[in-house]
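Visitor: The structure that follows is given in the form of structure tokens.
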Amino acid sequence: MTRNVGGIDKGLRILAGLVLLALGWLGPLGWWGLIGLVPLATGLIGNCPVYSLLGVNTCPLDRRSA
1 MTRNVGGIDK GLRILAGLVL LALGWLGPLG WWGLIGLVPL ATGLIGNCPV YSLLGVNTCP
61 LDRRSA
């Protein structure tokens with residue numbers, strides 16, 4: 001699995017995932033807060049399947065080798 005999620009993108013995904021999970025845990029989103037697992041997982045793993053389908057790559061390390 002190649003990395004296609006870079007630094008700022010990765011940080012924003014992790015932050016968004018944690019915020020969604022917290023909102024689900026603490027109140028207003030309820031079970032819908034579990035959707036936060038998707039950006040959290042893609043941020044931690046460094047690979048986004050949708051980016052792969054669209055040919056998007058925000059990881060600077062992979063751009064140098066391509």
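Using the UniProt record's numbering, the first residue of the sequence shown is number 1, and each one after it goes up by one. Here a beta-carbon is modelled for each residue, glycine too, at the ideal position from N, C-alpha and C.
Would a C-beta distance cut-off of 8 Å place Arg-3 and Thr-42 closer than the cut-off?
Guide: No. Outside cutoff.
Visitor: Do the region 30-41 and the region 54-62 make contact, defined as three or more Cβ pairs closer than 8 Å?
Guide: Because the criterion of three Cβ pairs below 8 Å is not met, the region 30-41 and the region 54-62 do not touch.
Visitor: Flag this pair as yes or no: are the beta carbons of Gly-17 and Pro-39 separated by less than 8 Å?
Guide: Yes. Within cutoff.
Visitor: Note down, in chain order, each residue of its chain lying with its Cβ closer than 8 Å to the Cβ of Trp-31, except the 5 sequence neighbours on either side.
Guide: For Trp-31, where only same-chain residues beyond five positions count, the Cβ hits under 8 Å are Gly-24.
Visitor: Hey, could you find the ends of the alpha helix (DSSP H) Thr-58 is sitting in?
Guide: Taken as a continuous stretch (DSSP letters only), Thr-58 belongs to no alpha helix (DSSP H), as it is neither H nor E.
Visitor: Can you give, in chain order, each stretch of the beta strand (DSSP E) that sits fully within the region 1-36 and has at least 3 residues?
Guide: Segments of the beta strand (DSSP E) lying fully in the region 1-36: there are none.
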